[in-house]
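A.B. asks:
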Amino acid sequence: MPLYETVFIARQDLAAEDVDALSARLSKIITDGGGKVVSKEYWGLRNLSYKVKKNSRGHYVLLNINSPYDAVAEMKRVMSFNEDIIRNATYGVENHTGKSLLAASDSAKDFKPIVKSKDKKDSTKLDLVLDQIQFDI
102 MPLYETVFIA RQDLAAEDVD ALSARLSKII TDGGGKVVSK EYWGLRNLSY KVKKNSRGHY
162 VLLNINSPYD AVAEMKRVMS FNEDIIRNAT YGVENHTGKS LLAASDSAKD FKPIVKSKDK
222 KDSTKLDLVL DQIQFDI
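Here the working numbering is used: the first residue of the sequence shown is 102, the next is one more, and so on.
1) Output needed for ASP133: all residues of its chain with C-beta closer than 8 Å, excluding positions within five of it in sequence on either side, in chain order.
2) Starting from GLU118 and walking both ways along the alpha helix (DSSP H), at which residues does that stretch end?
3) Beta-carbon separation of PHE109 and VAL153 under 8 Å?
4) Based on the DSSP secondary-structure assignment, which residues constitute the bridge partners of ILE186?
5) If contact is defined by three or more beta carbon pairs under 8 Å, each pair taking one atom from either stretch, is the stretch 121 to 131 in contact with the stretch 175 to 187?
6) Tell me where the beta strand (DSSP E) around SER150 begins and ends.
7) By how many angstroms is the C-alpha of GLU184 removed from the C-alpha of ASP119?
8) With a threshold of 16 other CB atoms inside 10 Å of the CB of GLY145, please say whether the residue is buried or exposed.
In structure tokens:
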């Protein structure tokens, strides 16, 4: 089956449980369509480059999917009219990599924010990567 990566940004005012429920709903669409969600990563509540639908921040979630295209098309259709999702992108990939450097946790309720240190010696690998990346939508 083809492999896909889907990243979506949920509204800033959603609770962690709502973000997890939203990703579970999207995962169910994939599994009902004969596919499988290989992994899910919650990247945290991040600032957006500019306001999108009156939101200046958003919950970032990555889904690695192994599924036929029909299930992915249905998931994209559902994401397009869901008011809780402000942006989404789905890409076909050759293979799934392990955990990305942006992965903060597997679910939103388990997320523990990283406190940035002004001292570079105490910076984690994730802090160094995030300092170099700018998320543009």
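No residue lacks a Cβ here, since even glycine has one placed at the ideal position from N, Cα and C.
C.D. replies: With the structure as the only source:
1) The answer, listed in chain order, is ALA172.
2) That run of the alpha helix (DSSP H) goes 117 to 133.
3) Judged by beta-carbon spacing, VAL153 lies beyond the 8 Å limit of PHE109, meaning their Cβ atoms are not closer than that value.
4) Answer is ALA111.
5) Between the stretch 175 to 187 and the stretch 121 to 131 there are three or more inter-stretch CB-CB distances shorter than 8 Å, so the stretches are counted as touching.
6) In the DSSP annotation of this structure, the continuous segment of the beta strand (DSSP E) that includes SER150 starts and ends at 137 to 153.
7) Looking at the two C-alpha atoms, the distance is approximately 13 Å.
8) Buried: at least 16 other Cβ atoms inside 10 Å.
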